[in-house]
Amino acid sequence: MSDRSTLTSAPTTRRSVKDLKLGESATICCLEDPEMALKLLEMGCIPGTQVRLNSRAPLGCPITLVVGEQGDYTLSLRVSEAATIMLK
Amino acid sequence: MTSGEDTIIDRAGVTGSVERLEAAAGRAGGLLARIALVGNPNSGKSSLFNQLTGLNQKVGNFPGVTVDRKTGISQLTPQLRAEIIDLPGTYSLYPKSLDEKVITSLFYDHTSPQYPDFVVVTVDASNLRRNLLLFTQLADLGLPAILALNMLDTAGQHGVQIDVEALQQELGVPVVPLNARKGEGITALKILMSQTLGAPTVRFYEPDEELLPMVRQIRYYFNLHNDYLALHYAHQYRHLAFLSADDRAYIEELTTQYDFRPTARQAQETIDRYARVNEILLNCVTVTRTEQNEPYSNRLDKVLTHRVWGYAIFFGILFLMFQAVFAWASYPMELIDQGVAWINSLIQTNFDGPLISLLTEGVLAGLGGVLIFIPQIALLFAFIAVLEETGYMARVTFMMDRIMRRFGLNGKSIVPLISGVACAVPAIMSARTIENRKDRLITIFVTPLMSCSARIPVYTVLIGLVVPDEAVLGIFNLRGFALMGLYLLGFFAAIFSAWAMKLLMRTSERSYFIMEFPVYRWPRWKNVGITILEKVKTFVFQAGKVILAISIILWVLATYGPPGRLEQVETQARATAATQRLTPAETEAHVASERLENSYAGVFGHVLEPAIRPLGFDWKIGISLITSFAAREVFVGTMSTIYSVGQDANELTVQQKLAAEKDIYGQPFFTPARSFSLLVFYVFAMQCMSTLAATYRETKGWKWPLLQLVYMTGLAYVASWLVYSLMS
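Chains F and V are the protein sequences, given in the same order. Taking full-length UniProt numbering, the leading residue of the first sequence gets 1, the next gets one more, and so forth. Taking full-length UniProt numbering, the leading residue of the second sequence gets 1, the next gets one more, and so forth.
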C-alpha cells in the first residue's frame, strides 16, 4: 500500500513490541498496519518514542506497555496489535 | 427536537438576564449558552460534568444515532445558566467508533442549532502529552475553548511540575487548574465559563501546502471559517450526516482529483501535532524524578492481575455482586411487591368496576412490575460504578479478554453474563461499559439465555414434579443436579450463540483492544450515586413505558373474552358449583379458572395448541406461556388459576395439582418427557417483556429485541421438540 510509505522507514531488524521481555525498554521505529497505526499514533506510540513492556495478562495476552521515557501512562493492547509496532 | 429543548427554554425564561451570554454566544434564537465538554477517556470529564450539573442531568438521544446524549444545566453565576453537553470520551477528532462520530457531527456543522458556543476540554495533567493532541485539534477548528487542567495533584506525585501561566501563553486559551474529583477549581472555571470567549489565538497545525488547492475549494464551497475544518470534511465526508448526497459526491470528486490519501495524511498530522506538543511541553513542564520505587498501581496489579489471586479475587467480587442482586435485593423487592399489593387491595375493597380492575390488575400490576427491578438495578450499578471508578474494570477486561474473545465476546462481557443469572434487565444495561459496538450487541443478545432468578419458581415446580428426591453419591441431591444442568444449558447456549453471531455479524468498525490502562483510584461516591440514579431513571422512564403497555395488553387478554361468552361461562360455572356444593372460596376459584379459559388469552391458548402439541404441550400450558410473557414467574400463578387451586396457592399445591392432572387415557399428564420439554422451553424462550424493553432501550430500536424474541423462542421450540420426541 502506498499509504505505508510515510509510516515505515526501512527497518533494519524485524523486532516488534511483541518480542520484548518483561521490563525491557525499546524505541519505536515504525508501525506496520496503516489503519491500526492511526489509533496507535493517537495513543502516543509515535516513532522515536520509548516503550517498556510492563506486564502480561495471566494468559499471555493482552499486555501492558508504559509509553514515553518519563512513563507518561500505561497502555494495554493485544499481542496481535503489539506485533505491528516495530522496534529500532 | 427533543423535549430537552423545551425545558431549557422554560428554565431560561425564569432566570431573566441572559442578554450578556446571548451576546457572547452571538446566537439570536437560543437563550442559553451551549457548552460542550470534551476530553480523553479517564481525564475526569464525567467528574467535572457531575460537579457542574449535579442532579440537573438528563439522558436523551443524539438525532439519528444510537448514542446517549447526556446534558445538564449548570448555574454558572447567580444570574447565568448554561447547558452542558457531556460528549463521549475520545483521543482525537478522527472518530474510531460510532460513539465518537457524535462528536464530529456536532462540531463540523456550524449551522446546526446544536452547535456549541464553546468547549471545555478536560486534560489529565499527569499525561499532558497525549491529552493535548485532542485539544490542539479542537483549537484549530477555531472553537472557543477553555482548558480544564485536571489531576494536578497526581502530576505532582509523578514529579511533573506544570507552569500554568506559561501553558496558557503557549496554548492561547484560558487554562484553569482543577481537581474535578474534589471539586477544587470549579468556581473559577464557572466564572470563566460565564465570560465572553474569543476564538483561540494560537494555531498548532496548518494543512500541508500541497493540500491547499483542494482544502480551499471545499472551504469556499461550504462557506467554512477555516482550512482545518475543510480538511476534516475531506477526511470524513462519508460520516457527516448533515451533508447531502450531492455535497458528498462533490468532495469525493475533489479527493480523487487531488489524489488525497486520508490514512497517510492523518498519520502525518498526528505525528506533527505530537512534535508541536513536545515543543510546548519543553517550555512549561519540568519533570523531576521524585521516586524510583514502583508506582502503587503496579504493585496492586501484581496481586489483582495475578494468575491465581487475580482470578480468585475477581470471582470473589462477582460472587458478592451476585449475592447482592440475588439475595440482598430480595428484601426491598418484597417490600415493593407488598406495597403494590397493599395499594391494590385497598383500592379493590373500596371501589368496584371495570375501570378499577384496569387500574389495579393492569396499570398498578404493570407499575409494580417496573418498580420491582429498581433494587436489582441500583445494587448492580453500585458495584459496576465502583469497579469502573477505581479502574478495576480495565483489569477485568485485561484478564478475561483472551477467553471471551474466542466466543465473539469481550473481556467486559463477563459482568453482564454473570449478572444475567440474577436478572437480565440490569445485566443488559451493564453491557454499556463495552465500547466496541459488535461485542456489546452480541453480549446484549445472548445475556437473556443465562438462567435468571425468575426462572427458579418454574424450575423448582417442574423438577419437583418429575425428578425424584434422591441422594446421589451419598451427599448430592438428584434435583440439585437437574437444576445445575438447566443453568449450564443456558450458559452454553449463550456462549455458542455468541460464537455463531461472531461469525455471522458484519461490522465496519474494527475491534481494537488498544486502551489506556488507568491507575487505581478511590471511587468518588457522588459519581457512584449519580450513576445509580441515572440508570434507575433511565429504566423506569424508558423501559418502563414498554413494560406498562404490555402489562395492560396482557390484562385485557386475560380479563376480556369474545362478547357475551364470559358472562355465560360464569353463570354456568356458578350453577355447577352450586350443584356440587362447593365452598364460596372453591366456587370463586372455579369461576376464575373458567373465565380465564374463555378469555382472549384462553382462546389464544387453544389456537396455540396445534403449534405446541409437537412439544407435548396442551392449551392450558399455552395460556401459561402467553401470560408468563409479563414475567416468567407468572407461570406458576397462571397454572394455579387454570387448575383452580385457589388464591392462596403455593408452589407445593400447584405441584400436587399438576401431578394429579391426567391425560385422555387416564395417565399422569406431566410425564418426564413433557416436564423436561417444558423445562427446556423455559431455559431458552424469551418470555420477559422487561428484557425486551431493556434491549430496546440499549440498542435504541426494535430490530434487536425482535431478533432476540424470534431467535430465543425458535431455539426453545426446536430444543423442546427434540427433548419431547427423544424422551417419549
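Using N, Cα and C, we set each Cβ at its ideal position, and we do this for glycine too. As the structure is a computational prediction, the values presented were derived from the model and not from experiment.
{"query": "So for V:ASN344, helix, strand or coil by DSSP?", "result": "helix"}
{"query": "If we define contact as Cβ-Cβ less than 8 Å, is V:GLU279 a contact residue for chain F?", "result": "no"}
{"query": "For V:LYS96, which residues in chain F fall below 9 Å Cβ to Cβ?", "result": "LEU38, LYS39, GLU42"}
{"query": "Can you have a look at V:ILE403 and say buried or exposed, based on whether 16 or more other CB atoms are within 10 angstroms of its CB?", "result": "exposed"}
{"query": "Taking C-beta to C-beta, are V:ILE418 and V:LEU318 nearer than 8 Å?", "result": "yes"}
{"query": "What are the residues of the region 481-514 of chain V that lie near chain B, defined by any Cβ-Cβ distance shorter than 9 Å?", "result": "Checking the listed chains, one finds no chain B in this structure; the protein chains it contains are F and V."}
{"query": "State whether the region 711-720 of chain V contacts the region 676-687 of chain V, with contact taken as three or more CB pairs (one from each stretch) at a distance under 8 Å.", "result": "yes"}
{"query": "Looking at the secondary structure, which residues open and close the beta strand (DSSP E) in which F:ASP19 lies?", "result": "Looking at the DSSP string, F:ASP19 is not in any beta strand (DSSP E), and its letter there is neither H nor E."}
{"query": "Would F:GLY23 count as contacting chain V if we go by Cβ distances under 8 Å?", "result": "no"}
{"query": "In angstroms with no decimal places, state the Cα-to-Cα distance between V:GLU534 and V:PRO113.", "result": "26 Å"}
{"query": "Let me know if V:PRO213 comes out buried or exposed under the rule of 16 or more other beta-carbons within 10 Å of its beta-carbon.", "result": "exposed"}
{"query": "Should V:ARG406 go down as buried or exposed, given a rule of 16 or more other Cβ atoms within 10 Å for buried?", "result": "exposed"}
{"query": "Which partner residues does V:GLN169 have in the DSSP bridge list?", "result": "For V:GLN169, which the question treats as bridged, DSSP gives no partner whatsoever."}
{"query": "Whose C-beta lies closer than 6 Å to the C-beta of V:LEU449 among residues of the same chain, with five residues either side of it excluded?", "result": "GLY490, ALA493, ALA494"}
{"query": "Check whether the Cβ of F:SER16 lies closer than 8 Å to any Cβ atom in chain V.", "result": "no"}
{"query": "For residue 765 of chain V, I'd like the list of residues in its chain whose CB is within less than 6 Å of its CB, leaving aside the five on either flank, ordered along the chain.", "result": "With chain V represented from 1 up to 728, any question about residue 765 of chain V goes unanswered, as that position is not in the structure."}
{"query": "Does chain V have any CB closer than 8 Å to the CB of F:ILE46?", "result": "yes"}
{"query": "Taking 8 Å as the threshold (C-beta atoms), are V:ARG261 and V:TYR205 in contact?", "result": "no"}
{"query": "Is F:MET86 helix, strand or coil when you go by DSSP?", "result": "strand"}
{"query": "Could you check the C-alpha separation between V:LEU707 and V:ILE444 for me, to the nearest Å?", "result": "12 Å"}
{"query": "Going by beta-carbon coordinates alone, are V:ILE343 and V:LEU364 separated by less than 8 Å?", "result": "yes"}
{"query": "Any beta-carbon of chain F closer than 8 Å to the one on V:GLN266?", "result": "yes"}
{"query": "Relative to the alpha-carbon of V:LEU132, which residue among V:LEU143, V:GLY142, V:LEU149 has its alpha-carbon at the smallest distance?", "result": "V:LEU149"}
{"query": "Strictly by DSSP, which residues pair up with V:PHE118?", "result": "V:ILE35"}
{"query": "Since V:ILE532 and V:ALA327 are thought to touch, with beta carbons under 8 Å apart, how far apart are those beta carbons, to the nearest angstrom?", "result": "V:ILE532 to V:ALA327, Cβ: 19 Å. No contact."}
{"query": "With a 10 Å radius around its C-beta and 16 neighbouring C-beta atoms as the bar for buried, classify V:LEU128 as buried or exposed.", "result": "buried"}
{"query": "Who are the neighbours of F:ASP72 on chain V, taking C-beta pairs under 7 Å?", "result": "ASN127, ARG129, ARG130"}
{"query": "Using a Cβ-Cβ cut-off of 8 Å, state whether V:ARG133 counts as contacting chain F.", "result": "Before going on, a small fix: residue 133 of chain V reads as Leu here, not Arg. Chain F, which has a Cβ nearer than 8 Å to the Cβ of V:LEU133, makes this yes."}
{"query": "For V:GLN580, name the three-state secondary structure that DSSP assigns.", "result": "coil"}
{"query": "Which residues in the same chain as F:THR74 place their Cβ atom closer than 8 Å to its Cβ, once the five residues preceding and following it in sequence are excluded?", "result": "ASN54, THR64, LEU65, VAL66, VAL67"}
{"query": "Taking the alpha-carbon of V:LYS182 as reference, which of V:ASN50, V:THR71, V:TYR512, V:ARG437 has the nearest alpha-carbon?", "result": "V:ASN50"}
{"query": "Taking C-beta pairs closer than 7 Å, name the residues in chain F that V:MET399 reaches, listed in chain order.", "result": "ALA57, PRO58"}
{"query": "What's the call for V:LYS101, buried or exposed, on a 16-neighbour Cβ count within 10 Å?", "result": "buried"}
{"query": "Tell me which residues of the region 514-545 of chain V have at least one Cβ-Cβ distance to chain F shorter than 9 Å, keeping chain order.", "result": "ILE514, MET515, GLU516, PHE517, PRO518, VAL519"}
{"query": "Using the three-state DSSP reduction, which class does F:LEU77 fall into: helix, strand or coil?", "result": "strand"}
{"query": "May I ask you to verify whether the region 43-50 of chain F touches the region 16-28 of chain F, counting CB pairs closer than 8 Å and requiring at least 3?", "result": "yes"}
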